[in-house]
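The sequence shown begins at 1 in full-length UniProt numbering and counts up one residue at a time. We put the beta carbon where it would ideally sit given N, CA and C, even for glycine. If you're wondering where the values come from, they're calculated on a predicted model, not measured in any experiment. These notes concern the structure reproduced below.
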Amino acid sequence: MFSQIRNRLTIFYTAILILFMLSFFVISYAALTWVIYSQQQQQVLLFAEEEAHEHAEILLQAQKQGSLPTVTSEEFSGSIFFYAYDNSGRLVNTAKPPSALQTSISDVIQKWNQPPGKAQLEKISLSDDQTYYIMIARQPIQSGIETLGAVYVGIDITSYYEVLKTLFFVMLALCLVFLVAASGLGHLLTSRAMKAIVVAFNRQREFVADASHELRTPLSVMLASVETLEENEEDRLSPFSQQVLADMKDEVLRMSKIVGGLLTLARGDAGAAPIIKEPLELDTMAQQIARMLDPLAKKNGITIKVTTEGRTVLQADRERIEQLLLILLDNALKHTPSGGSVNLQIATASHHQVKIVVHDTGAGIALEDQLRIFERFYRVDKARSRETGGTGLGLSIAKWIVEAHQGTIGVESTMGSGSKFTVILPQGSLNNKQER
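The following block contains the structure:
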């Protein structure tokens, strides 16, 4: 139990840490990418303004002289390039990008549809599987309010992209390393924290076991005394005294039942309750227990029906399985109204397993109650449980019995449609053995 709690806590805290680390990773990487993108965008816009200003003077000088400007062209070796055009679309000056990019850049310029002052990021893939990332901006060449042409400026930011790509994998690897280390540290810290909880739980368990054991004797004496008074002094007692005595007996029996249940669970928690497995015919046992409870069912106007698939042999503790069937059937009878029915089904499941299903036609169990119904002392209807003698321990004991046999138990219910408890138990080998 504690190992499961420790593992769940470790998973919970690790999940929180993963969420935190992923958030930090995404936010940091996105912020860094945005900063680099913004800086390169501002740089290309500033360079475009400078080139537009310089070429405005060149074009104005050419207009004054009445001649076209001399076209200069060179391949720029750096990361920045530009193309300057006059109003007629004639190229008047350029610092070309590397030859491998010139055709793609020309296509981008011809299809340009961005407004002035707006940079655009272009991804250019070449035939040799090389990819370039180019930031391009267009700036009008103006003199006052007169537009003389336009200049296109680009910056090769592929190196920044490669840095970001490398940084992405480095940060991801660091996150994974930190997560593994944090998971181990979380498991260690959780284990240390669980030590105090285990000690407190063991003390509580020992107290419950000791108290239950010590209470059995005085309760037995009280019950014997009440029964003696009923037998020997009944004629001398007034009706009121007889009623008080009967109520006392009911309460003593109820307390004895609670103490017995607590002692069973305490022994199970401590591993002191032996599970003595032997071959038993589950179908025959189910029929016997149904016959035993049939008078009580008929008294309340309830029908018990048992369905089996013939002989079903199970390797299990006879006493505990009888107790399991009694708990499930008794619980169904308590919550089924007059005129209803309780169905007990014994069947063989897959993978050498046996299925026990108890289905009643009661009021049903709400979803929030289904999640807690196997907890100790938890009762869906406390008033009704007290009237029917319920202690809130029956289903807890049933769950312990099932888990002690490496099985599972679950409940399905819809309000107004009854409840169905399903138990799956491994058939086991047919060799007698004792487990603790």
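The beta strand (DSSP E) enclosing residue i, as first and last residue numbers
i             : result
glycine 149   : 146-156
asparagine 87 : Looking at the DSSP string, asparagine 87 is not in any beta strand (DSSP E), and its letter there is neither H nor E.
leucine 237   : Taken as a continuous stretch (DSSP letters only), leucine 237 belongs to no beta strand (DSSP E), as it is neither H nor E.
proline 279   : 275-281
threonine 304 : Contrary to the premise, residue 304 reads as isoleucine rather than threonine in this sequence. Unbroken beta strand (DSSP E) run through isoleucine 304: 303-307.
threonine 422 : 419-426
Pick from the options that is closest to residue i, judged by C-alpha positions
i                : options                        : result
leucine 326      : Leu263, Leu395, Ile302         : Leu395
serine 341       : Gly418, Ile289, Gly407, Thr190 : Gly418
valine 221       : Lys96, Ile276, Met248          : Met248
isoleucine 155   : Arg254, Phe169, Gln42          : Gln42
glutamine 110    : Asp128, Gln130, Ile136         : Ile136
tyrosine 160     : Asn113, Tyr37, Val198, Pro140  : Tyr37
leucine 333      : Ala366, Ile321, Lys299         : Lys299
arginine 318     : Pro274, Ile124, Cys175         : Pro274
threonine 414    : Val402, Ile424, Ala366, Gln130 : Ala366
leucine 188      : Glu403, Asn113, Ser3           : Ser3
leucine 219      : Gln323, Lys257, Lys64          : Lys257
leucine 296      : Arg376, Asn93, Leu329          : Leu329
phenylalanine 47 : Leu324, Cys175, Arg138, Phe377 : Arg138
serine 104       : Gly261, Lys123, Lys118, Asn113 : Lys123
tyrosine 378     : Leu371, Ala246, Gly392         : Gly392
Inter-residue Cα distance where the pair is residue i and residue j
i              : j                 : result
leucine 59     : glutamate 146     : 12 Å
valine 259     : asparagine 331    : 19 Å
proline 116    : alanine 182       : 51 Å
histidine 55   : leucine 126       : 31 Å
glycine 310    : methionine 255    : 39 Å
alanine 363    : aspartate 235     : 43 Å
alanine 17     : methionine 171    : The amino acid occupying residue 17 in the given sequence is leucine; alanine does not appear at that position. Spanning the two alpha carbons is a distance of roughly 15 Å.
threonine 361  : leucine 344       : 12 Å
tyrosine 83    : tyrosine 152      : 5 Å
leucine 164    : phenylalanine 178 : 21 Å
asparagine 431 : histidine 335     : Reliability of the predicted coordinates at asparagine 431 is poor, the pLDDT of 49 falling under 50, and the value obtained from them is presented with this limitation in mind. C-alpha separation (whole angstroms): 38 Å.
valine 26      : leucine 32        : 10 Å
tyrosine 133   : isoleucine 80     : 12 Å
glutamate 50   : serine 106        : 21 Å
proline 140    : leucine 91        : 14 Å
arginine 6     : leucine 185       : 13 Å
glycine 428    : leucine 314       : 7 Å
alanine 95     : alanine 62        : 20 Å
proline 337    : threonine 303     : 11 Å
glutamate 368  : isoleucine 409    : 17 Å
threonine 348  : glycine 339       : 30 Å
glutamine 243  : glutamate 281     : 43 Å
leucine 265    : leucine 324       : 13 Å
lysine 433     : isoleucine 321    : Caution applies to lysine 433, whose pLDDT of 45 falls short of 50 and renders its modelled position unreliable; the value that the coordinates give is listed next. Cα to Cα, lysine 433 sits roughly 16 Å from isoleucine 321.
glutamine 406  : tyrosine 13       : 29 Å
serine 143     : glutamine 120     : 25 Å
alanine 15     : alanine 193       : 19 Å
valine 226     : leucine 9         : 50 Å
For residue i, three-class secondary structure by DSSP
i              : result
glutamate 162  : helix
glutamate 231  : helix
isoleucine 134 : strand
asparagine 431 : Per-residue confidence for asparagine 431 stands at a pLDDT of 49, beneath the threshold of 50, marking its modelled position as unreliable; the derived number appears in the next sentence. DSSP places asparagine 431 in coil when its eight states are reduced to three.
glutamate 412  : strand
asparagine 202 : helix
serine 338     : coil
glutamate 51   : helix
proline 97     : coil
leucine 9      : helix
serine 225     : helix
serine 79      : coil
glutamine 4    : helix
Element boundaries [alpha helix (DSSP H), containing residue i]
i              : result
alanine 394    : Before going further, note that residue 394 is glycine rather than alanine in the sequence given. Note, glycine 394: alpha helix (DSSP H), 394-404.
isoleucine 327 : 318-334
Residue i: CB within 7 Å of a non-hydrogen atom of the ligand HEM
i             : result
aspartate 156 : With respect to the ligand HEM, the structure shown offers nothing to examine, as it has no ligands at all.
Cutoff 8 Å: residue i Cβ touching any chain B Cβ
i          : result
alanine 52 : In the displayed structure, chain B is absent; only one protein chain is listed.
### Task
Could you pull out every unbroken beta strand (DSSP E) segment of at least 3 residues lying fully inside the stretch 102-132, listed in chain order?
Correct list: 119-125.
### Task
Would you mind listing the beta strand (DSSP E) stretches within the stretch 344-385 that are 3+ residues and don't spill past its ends, in chain order?
Listed in chain order, they are 353-360.
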